[in-house]
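What follows is one structure encoded as structure tokens, with my remarks underneath.
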Amino acid sequence: MSSETAAGARDAAPPRPRWQVLLIRPESMTFVLLVLGIFAGSLLSPFFLDISYILRSFTLYAEFAIVALVLTMVIIAGEIDLSPAANMALAACLFAWAQASGVPMPLAIGIGLAAGLVMGAINGFFVIALQLPSIIVTIGTLTLYRGLAQVIAGDKSIRVPEWFIGIDKQMVLGVPLPVLLFVLLAIALGIVLSSTVFGRQIYQIGTNEVAARHAGIRSARIKLLLFLFIGVVAAIAGMMTASRLGSVRYDLGLGGELQMVLMAMLGGTYIFGGRGTILGTFLAAWLLVIVSTGMIVANVLPAVQLVVLGGLLIVSIVATNFIYSRTQR
Amino acid sequence: MLAKSMLLGLAAGFALVTSAIAADPVKIVYIGKNTGNPYFDSITGGFEDACKALGCEFEFVAPATAEATSQIPFIEAQIQRGVNVIGIAPNSPDALNQVLDDARAKGILVLTVNGDLVGNESHRDATILPVDFTKTGPNQVELMGSMIDYKGEIAILSATTEAPDQNTWIAAMNDTLKNDAKYKDMKLVATVYGDDQPEKSTTEMEALLSNYPDLVGVIAPTTVGVAAAAQVVQSRGIADKVHVTGLGLPSEMRDFVKDGTVKAFQLWSPYNEGWLAAHFALGVLDGSIKNEVGNTFEVPNLGTITINDKNAMNTQAELTTFDASNIDDFNF
Numbered sequence: 000m001s002s003e004t005a006a007g008a009r010d011a012a013p014p015r016p017r018w019q020v021l022l023i024r025p026e027s028m029t030f031v032l033l034v035l036g037i038f039a040g041s042l043l044s045p046f047f048l049d050i051s052y053i054l055r056s057f058t059l060y061a062e063f064a065i066v067a068l069v070l071t072m073v074i075i076a077g078e079i080d081l082s083p084a085a086n087m088a089l090a091a092c093l094f095a096w097a098q099a100s101g102v103p104m105p106l107a108i109g110i111g112l113a114a115g116l117v118m119g120a121i122n123g124f125f126v127i128a129l130q131l132p133s134i135i136v137t138i139g140t141l142t143l144y145r146g147l148a149q150v151i152a153g154d155k156s157i158r159v160p161e162w163f164i165g166i167d168k169q170m171v172l173g174v175p176l177p178v179l180l181f182v183l184l185a186i187a188l189g190i191v192l193s194s195t196v197f198g199r200q201i202y203q204i205g206t207n208e209v210a211a212r213h214a215g216i217r218s219a220r221i222k223l224l225l226f227l228f229i230g231v232v233a234a235i236a237g238m239m240t241a242s243r244l245g246s247v248r249y250d251l252g253l254g255g256e257l258q259m260v261l262m263a264m265l266g267g268t269y270i271f272g273g274r275g276t277i278l279g280t281f282l283a284a285w286l287l288v289i290v291s292t293g294m295i296v297a298n299v300l301p302a303v304q305l306v307v308l309g310g311l312l313i314v315s316i317v318a319t320n321f322i323y324s325r326t327q328r
Numbered sequence: 000m001l002a003k004s005m006l007l008g009l010a011a012g013f014a015l016v017t018s019a020i021a022a023d024p025v026k027i028v029y030i031g032k033n034t035g036n037p038y039f040d041s042i043t044g045g046f047e048d049a050c051k052a053l054g055c056e057f058e059f060v061a062p063a064t065a066e067a068t069s070q071i072p073f074i075e076a077q078i079q080r081g082v083n084v085i086g087i088a089p090n091s092p093d094a095l096n097q098v099l100d101d102a103r104a105k106g107i108l109v110l111t112v113n114g115d116l117v118g119n120e121s122h123r124d125a126t127i128l129p130v131d132f133t134k135t136g137p138n139q140v141e142l143m144g145s146m147i148d149y150k151g152e153i154a155i156l157s158a159t160t161e162a163p164d165q166n167t168w169i170a171a172m173n174d175t176l177k178n179d180a181k182y183k184d185m186k187l188v189a190t191v192y193g194d195d196q197p198e199k200s201t202t203e204m205e206a207l208l209s210n211y212p213d214l215v216g217v218i219a220p221t222t223v224g225v226a227a228a229a230q231v232v233q234s235r236g237i238a239d240k241v242h243v244t245g246l247g248l249p250s251e252m253r254d255f256v257k258d259g260t261v262k263a264f265q266l267w268s269p270y271n272e273g274w275l276a277a278h279f280a281l282g283v284l285d286g287s288i289k290n291e292v293g294n295t296f297e298v299p300n301l302g303t304i305t306i307n308d309k310n311a312m313n314t315q316a317e318l319t320t321f322d323a324s325n326i327d328d329f330n331f
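Top line first, the protein sequences correspond to chains A and B.
Okay, so the first sequence: first residue is 0 according to numbering that gives the first Met the number 0, each after it adds one.
Okay, so the second sequence: first residue is 0 according to numbering that gives the first Met the number 0, each after it adds one.
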């Protein structure tokens, strides 16, 4: 990326050969793991290598994957948001509760979206106005949002109308709609992050916020925008989950925040900000789906599945750190 | 090279799929609530023995946690594997509706075993339950009452808040306590959830004891919960003050019954559920059993089974009560 060439120029080192630059990017490692995963999956089970099954399986993770794309931008900007999964549940509960008590559907969807925006604004307020660490703030709000969802929905599930069910069964050119939405969002955010001024500013804030502010970048405004954006996207993801399951409960998306962080980390996003790409998260989401479904369809024990996923994460963190320390410092 | 081996893998996959359609034995899979839950070993034993006797293939799978949606990828995977029969102990009464519909659309026979989709029965073909579950709640209340002379504060330690059967039984317990004059001096003070995890169940049990010092009884209608509750009572040495009962496995509760921590508890034979489910599934697939309400069929060791309302079948009529006098007769 641009920062890399700038660093190279500063050190006055000879430019690396192009193949080397490509090979030692974290996304390349994600891509290699992805190919290995597909290969291992097809060895494990003869039922694995079926594109329609893999696409169908992706719909089970698509909601988290969509939020993970936005989370990648938040992490690159030097912050983190652990509340989106709880946000999904609360937004979905409010939406389902509203439509079940007779509010017309468009308005109920509006309520869900507005709730997501408010939740993002609350996170943004604590982090930006009160200058609190986002990891602490969002651990707090993740508990708060989940709790509120349980207050609203209780221990019962709320059904959504028959016609609203089944977004994952909507096919566009043979691709389930949630997967298509994920791909389109990845392309859009990838372009924004890699080739707009706004995207470059996000990297600069994450690399050195003080310097970025001195350079005239309105970091507070950009961060607030990111928190609002992830809030709304999480709310949309929550309603997509409601459509897939046909019912809403307070524990919808439970544990999803870890899956989202996992996707960003697997894709080579640097947890301390400043580095990472949408392409990496895009590939990592597929990697996670490939590895998970490959093991499930081979009836691998869940304990072994956890060990493999944990191992993958460790490998990717070590590799990402290694690659960044070799190429940047 | 890689592309070539992937193509080979693909071809091998297709070959296997087509041969599976041609002649393979019936493939049955049972999806439990979660792993590490010994209750399912017994059901699995029944399935395995029946498949050995009848010539079908059987496998047990389960997610790591008993969340509402954690079984969905497992069901998807079994559809993809092309199994003929999916038996499942559902973790949610309605979150599985869509994916179970998908399975049935592919021609898979879907049976809920040991738990049902209460209120969403149209999304499975039949259910196999050990006893008529409407009697479970009242039976448990009566057993508790007989231990505490029908008076005092009691509490319930359940599985997950979502567990459909437990919730049905708890509702029935509440009804029985409220409407039957015999139990007017028994007061239900709390219902807590241990999520079928030993640690959480233990914590919840300890919290009950601190929050309600006058508690005289705890009903835990789940095998994980009742063992955890008994363990807490045993280690605190308060068995003469707090009575524990519920639904438990004889193998796990034997020591507690022998040392007097637990006077009596109830259950049925989970083994027979697997046994019945496999016999029923094969009968439906080969056409010898019609899955229609009112039909009857014979199952070795169990006798005549009737398909009741909502395509439900029971392996036995009443709950079995286990106490010091009979616990050694049961080894599951």
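We treat Cβ as the ideally placed atom computed from N, Cα and C, and that holds for glycine.
Burial check for V317 (chain A): the Cβ neighbour count within 10 Å stays below 16, so the residue is exposed.
In the DSSP secondary-structure assignment, Y144 (chain A) is not bridged to any residue. Interface criterion met: the Cβ of D93 (chain B) is under 8 Å from a Cβ in chain A. For P83 (chain A), not one C-beta of chain B is nearer than 8 Å to its own C-beta. Within a 10 Å sphere around the beta-carbon of V303 (chain A) sit fewer than 16 other beta-carbons, which makes this residue exposed. Beta-bridge analysis with DSSP links P175 (chain A) to A:M170. For S157 (chain B), the uninterrupted beta strand (DSSP E) run begins and ends at G151 to S157, by DSSP. For chain A, the residues of the stretch 49-62 of chain B that bring a beta carbon within less than 8 Å of one of its beta carbons are E58, V60, A61 and P62, in chain order.
Put simply, of B:N119, B:L301, B:D258 and B:A189 the residue whose alpha carbon is nearest the alpha carbon of S268 (chain B) is B:L301. The C-beta of S291 (chain A) comes closer than 8 Å to at least one C-beta of chain B. Listed by position along chain A, the residues whose Cβ is nearer than 7 Å to that of F73 (chain B) are I295. For I326 (chain B), no beta strand (DSSP E) segment is defined, and its DSSP state is neither H nor E.
Beta-carbon to beta-carbon, I71 (chain B) and L95 (chain B) are separated by about 7 Å, close enough to satisfy the 8 Å threshold. With respect to the 8 Å criterion, A67 (chain A) and G205 (chain A) are not classified as neighbours on the basis of their beta carbons.
The CB of Q315 (chain B) never comes closer than 8 Å to any CB in chain A; the least such distance is about 30 Å. Per DSSP, the beta-bridge partners of I127 (chain B) are B:V112 and B:M312. Residues of chain B whose Cβ lies closer than 8 Å to the Cβ of G245 (chain A) are, in chain order, D93, A94, N96 and Q97. Residue-level contact check: G165 (chain A) touches chain B, since one or more beta carbons of chain B fall below 8 Å from its beta carbon. Buried is the label assigned to Q203 (chain A), since at least 16 other Cβ atoms lie within 10 Å of its Cβ.
Rounded to whole angstroms, the separation of the alpha carbons of D131 (chain B) and I42 (chain B) is 17 Å.
With a threshold of 8 Å between beta carbons, A128 (chain A) makes no contact with chain B. The beta carbon of A76 (chain B) falls within 8 Å of a beta carbon belonging to chain A, placing the residue at that interface. For the stretch 263-276 of chain A, no residue has a beta-carbon sitting nearer than 8 Å to a beta-carbon of chain B. Contact annotation for T43 (chain B) against chain A: no contact, minimum CB-CB distance about 13 Å [criterion: below 9 Å]. When the alpha-carbon of T159 (chain B) is set against those of B:P197, B:A277 and B:A276, the nearest one is in B:P197. Under DSSP, S246 (chain A) forms a beta bridge with A:R158. Residue burial is scored here from C-beta neighbours: F197 (chain A) has fewer than 16 other C-beta atoms within 10 angstroms and is therefore classed as exposed. For the stretch 196-221 of chain B, the continuous beta strand (DSSP E) assignments of 3+ residues that do not extend past its boundaries occur at 214-219, in sequence order. Listed along the chain, the chain B residues whose CB falls inside 9 Å of the CB of Y52 (chain A) are E75, A76, I78 and Q79.
Closest in C-alpha terms to L70 (chain A), from the list A:L81, A:A88 and A:A61, comes A:L81.
Annotation for Q265 (chain B): no alpha helix (DSSP H) segment contains it, though the beta strand (DSSP E) segment containing it runs A263 to L266. Per the C-alpha coordinates, the member of A:T280, A:I295, A:I166 and A:H213 positioned closest to V60 (chain B) is A:I295. Among the residues facing chain A, T167 (chain B) is not included, as its CB has no counterpart in that chain under 8 Å away.
In this structure, the beta-carbon distance from G45 (chain B) to G273 (chain B) falls below 8 Å. The beta carbon of N138 (chain B) sits closer than 8 Å to those of Q265, E317 and L318, all from its chain and outside the five residues before and after it, given in chain order.
Taking 4 residues as the shortest admissible run, the stretch 205-249 of chain A contains the following complete alpha helix (DSSP H) segments, listed from N- to C-terminal end: 208-213 and 218-244.
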